[in-house]
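Notes to accompany the following structure.
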Amino acid sequence: MSEAMEGPRGLEFFSLGALPAQPWKNGGGVTREIAAWPPGAGMDAFQWRVSVADIAADGPFSAFPGIDRQIALLDGAGVRLLADDGSFNHRLDTVGEPFAFAGERGVQATLLDGATRDFNVMTRRGACRASIVAARREFTIPPGAHVVLLFVIEGAWRHGIAGQGGQAVLASDGGMLFAEGVAAPYRLQAMSEPALCLCVTLEMENPQ
Numbered sequence: 000m001s002e003a004m005e006g007p008r009g010l011e012f013f014s015l016g017a018l019p020a021q022p023w024k025n026g027g028g029v030t031r032e033i034a035a036w037p038p039g040a041g042m043d044a045f046q047w048r049v050s051v052a053d054i055a056a057d058g059p060f061s062a063f064p065g066i067d068r069q070i071a072l073l074d075g076a077g078v079r080l081l082a083d084d085g086s087f088n089h090r091l092d093t094v095g096e097p098f099a100f101a102g103e104r105g106v107q108a109t110l111l112d113g114a115t116r117d118f119n120v121m122t123r124r125g126a127c128r129a130s131i132v133a134a135r136r137e138f139t140i141p142p143g144a145h146v147v148l149l150f151v152i153e154g155a156w157r158h159g160i161a162g163q164g165g166q167a168v169l170a171s172d173g174g175m176l177f178a179e180g181v182a183a184p185y186r187l188q189a190m191s192e193p194a195l196c197l198c199v200t201l202e203m204e205n206p207q
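Taken in order, the sequence shown gives residues 0 to 207; the numbers are from numbering that gives the first Met the number 0.
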């Protein structure tokens, strides 16, 4: 996925195809966990969790009280998300555009035209907050202690510490996790168009 290079401490690479798929209990899809904190934490103990889900059938989303969720379409025609309390009726049909909602809400998912693949970020309210930015050309991650996760939806991206040579390439369905934050500005640039990369910033609200 990427040539060898010297990068920031805590930098980890991943490929979606190498991640194990966990089938849903209702048989309506599978989830691939990219990363979570603390590592190995269960669904009732994580502070943040990033994953990719393949939705194969209509059905309800699981409820996660106290969790803030963001979801973005990666592939497929999309899915309609209808809150049981009528607070939203959202068509998730634009690739890379995140939609946020509270995890405790009952949500019914209806596929628009066949199976979809979706990017999911979950954070425990009061412990962590997340932001998602969709980049299409180039961007720079500013230095800071926050955790940053990148996921390439489309295209190939050169990446490396700003101002240094020896940049490597990050390809579609691959990504990288800055588990210990970014000490120096880190630059990514699309090598061609179309290109799309999601940049997730995870900030602990009460860091120890």
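Positions of the beta carbon are idealized from the N, C-alpha and C atoms, including for glycine.
Cα-Cα separation, residue i to residue j
i: Leu148; j: Gly102; result: 21 Å
i: Glu96; j: Gly162; result: 30 Å
i: Ala3; j: Glu179; result: In this prediction, Ala3 scores a pLDDT of 36, lower than 50, which makes its location untrustworthy; no coordinate-derived value is stated.
i: Pro38; j: Gln46; result: 10 Å
i: Trp36; j: Ile152; result: 23 Å
i: Arg128; j: Val199; result: 10 Å
i: Gly174; j: Arg48; result: 15 Å
i: Pro64; j: Ile160; result: 39 Å
i: Gln21; j: Phe138; result: 33 Å
i: Asp221; j: Gly41; result: Since the displayed the chain opens at 0 and closes at 207, residue 221 lies outside it and no answer follows.
i: Thr30; j: Pro184; result: 32 Å
i: Ser1; j: Ser191; result: Bear in mind that the predicted position of Ser1 carries a pLDDT of just 34, short of 50, making it unreliable; the figure below should be weighed with that in mind. For Ser1 and Ser191, the distance between alpha carbons rounds to 17 Å.
i: Ser61; j: Val94; result: 23 Å
Opening and closing residue of the beta strand (DSSP E) in which residue i lies
i: Phe45; result: Neither: Phe45 is in no beta strand (DSSP E) and is coded neither H nor E.
i: Gln107; result: Val106 to Leu110
i: His145; result: Element bounds for His145: n/a, residue is neither H nor E.
i: Arg31; result: Gly28 to Trp36
i: Leu15; result: No beta strand (DSSP E) holds Leu15; DSSP gives it neither H nor E.
i: Asn205; result: Counting along the chain, Asn205 falls outside any beta strand (DSSP E), and DSSP gives it neither H nor E.
i: Trp23; result: Neither: Trp23 is in no beta strand (DSSP E) and is coded neither H nor E.
i: Met121; result: Thr115 to Arg123
i: Gln69; result: Ile66 to Asp74
i: Glu137; result: Glu137 to Ile140
i: Ala134; result: Cys127 to Ala134
i: Ala213; result: Residue coverage of the chain in this structure runs from 0 to 207, which leaves residue 213 outside it and unanswerable.
i: Met175; result: Gly173 to Phe177
7 Å Cβ cutoff met for residue i and residue j
i: Asp112; j: Leu73; result: no
i: Asp57; j: Gly28; result: no
i: Val146; j: Leu110; result: no
i: Ile131; j: Leu197; result: yes
i: Ala182; j: Pro141; result: no
i: Arg90; j: Arg79; result: yes
i: Val168; j: Arg186; result: no
i: Ala114; j: Ala76; result: no
i: Asn25; j: Ile70; result: no
i: Asp43; j: Thr122; result: no
i: Leu18; j: Phe177; result: no
7 Å Cβ cutoff, residue i in contact with chain C
i: Ala35; result: In summary, chain C is missing from the structure at hand, where a single protein chain is found.
Buried/exposed call for residue i, threshold 16 Cβ in 10 Å
i: Arg136; result: exposed
i: Gly85; result: exposed
i: Ala189; result: buried
i: Ala108; result: buried
i: Phe87; result: exposed
i: Phe13; result: buried
i: Ala144; result: exposed
Heavy atom of the ligand MG within 6 Å of residue i beta-carbon
i: Phe63; result: As for the ligand MG, it is missing from this structure, which has no ligand bound.
Of the residues the options, the one placed nearest residue i, counting alpha carbons only
i: Asp83; options: Phe100, Pro184 and Ala133; result: Phe100
i: Leu15; options: Asn25, Glu32 and Thr93; result: Glu32
i: Trp23; options: Pro59, Ala17, Phe13 and Ile70; result: Pro59
i: Ala126; options: Glu192, Gly41, Leu18 and Asn205; result: Asn205
i: Ala133; options: Pro193, Phe12 and Phe87; result: Pro193
i: Ser50; options: Ala44, Phe138, Ala108 and Ala34; result: Ala34
i: Ala170; options: Ala155, Phe150, Gly159 and Ala144; result: Ala155
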